[in-house]
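Undergrad:
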Amino acid sequence: MTRNFVYPELISELREACQMHAENQMQADDFQALIQRAEREIVAYEDKDIHSKMTEVEGQLELIKFTVDDGRQFEATRDVVISLSNWLKEL
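Residue numbers (the numbering used here): 3 to 93.
#1: What residue from Glu64, Lys55 and Leu63 has the CA that sits closest to glutamate 92's CA?
#2: Kindly provide the ranges of any alpha helix (DSSP H) runs that are 4 or more residues long and lie completely inside the segment 33-87, ordered along the chain.
#3: With distances taken Cα to Cα, identify the nearest neighbour of threonine 57 among Val8, Arg39 and Met22.
#4: With a threshold of 7 Å on Cβ separation, who are the neighbours of alanine 41 within its own chain once the five nearest residues in sequence on each side are excluded?
#5: If you drop the 5 nearest sequence neighbours on each side, which residues of the same chain put their C-beta closer than 8 Å to that of glutamate 64?
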């Protein structure tokens, strides 16, 4: 059964961004900006679980930005992105 999203374009954009970041084609800051935008835009009750997940992921990315050495940030953010990508696939 396919879930109908209130924000299907944004969900598609998130899925694509996960793939791009995993392939090192999108910087962590750009990915985080998309997550923040999704967090602001997803306000429908039907998608509250997605909003909550965006809030969680944004917090993880922010923590990485300030606690992980620059040389290891890609690997750390990549783990978060892969986890998000897997979560989005299950929707």
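A virtual CB, placed ideally from N, CA and C, is assigned to each residue, including glycine.
TA: The answer reads as follows:
#1: Indexing the sequence shown from 1 puts residue 92 at position 90. It is Lys55 whose Cα lies nearest to the Cα of glutamate 92.
#2: 50-69
#3: Taking the sequence shown and counting its residues from 1, one reaches residue 57 at position 55. Per the Cα distances, Arg39.
#4: The residue labelled residue 41 in the question sits at position 39 within the sequence shown. At residue 41 the sequence reads glutamate, which differs from the alanine that was named. Within the same chain, glutamate 41 has close Cβ partners His53, Met56, Thr57 and Glu60.
#5: If you number the sequence shown from 1, residue 64 lands on position 62. Hits under 8 Å: Gln34.
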